[in-house]
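Residue numbers (my numbering): 137 to 277.
Glycine included, each C-beta is placed from N, C-alpha and C at the ideal position.
Treat the numbers as computed from the prediction; the structure is a model and nothing was measured.
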Ligand code: HEC
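Now the structure itself:
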């Protein structure tokens with residue numbers, strides 16, 4: 137997948153009109169992750185100047201947000217606007233493992249980015265962990 141398509145696929149948000157607070161909170165957590173991916177993605181595409189501090193800060197936020205995923209999804213909350221599938225709560229261990237993988241990948245990449253060209257493989261590596269979870273646990277409606 138082209139980088140631009142990858143960024144678009146993982147960062148699209150749809151939380152306007154959500155009524156359930158738990159659902160809203162977890163969507164906001166996802167949006168925070170997506171925002172950091174967008175920051176890195178813009179640098180990867182040379183639309184923004186490379187800034188290793190900003191990359192480190194983005195990775196650290198992604199890692200912290202990944203840690204919150206199991207907590208944010210513990211309530212089995214639903215909302216007409218939610219894209220979460222019930223499968224999350226049928227195999228919550230697998231779901232949290234996928235959250236842990238995202239956190240571990242973000243942590244492992246931290247400190248290893250020195251030029252803008254490092255960002256393309258980084259985006260792919262992180263993007264894979266987003267998709268691994270979304271493909272099973274997020275519907276696009
Ligand atoms: C452990 C599973 C998991 C991982 C890992 C994960 N997501 Fe999600 N994501 C979800 C689920 C489930 C939803 C749907 C939540 C809902 O609508 O209730 C979602 C929704 C989203 C949304 C839509 C939020 C909204 O406002 O509706 C965005 C954007 C998003 N994820 C981005 C990402 C990005 C970027 C990554 C990787 C850096 C990522 N996600 C990693 C499970 C995950």
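query: Does any heavy atom of ligand 1 sit closer than 6 angstroms to the C-beta of residue 220?; result: yes
query: Once DSSP output is grouped into helix, strand and coil, what is the label at residue 277?; result: A caution first: residue 277 carries a pLDDT of 48, below 50, which makes its placement in the model unreliable, though a value can still be read off. Coil at residue 277, not helix or strand.
query: Indicate the three-state DSSP secondary structure (helix, strand or coil) for residue 144 in the structure shown.; result: helix
query: Let me check understanding here. Comparing Cα to Cα, which of 139, 177, 158, 172 lies closest to residue 216?; result: 158
query: Taking the straight line between their C-alpha atoms, what separation do you get for residue 187 and residue 179?; result: 8 angstroms
query: Secondary structure at residue 202, three-state DSSP: helix, strand or coil?; result: helix
query: Secondary structure at residue 184, three-state DSSP: helix, strand or coil?; result: coil
query: Here's the rule I'm using: 16 or more other beta-carbon atoms within 10 Å means buried, otherwise exposed. How should residue 233 be labelled?; result: exposed
query: Is the separation between the beta-carbon of residue 258 and that of residue 245 shorter than 7 angstroms?; result: yes
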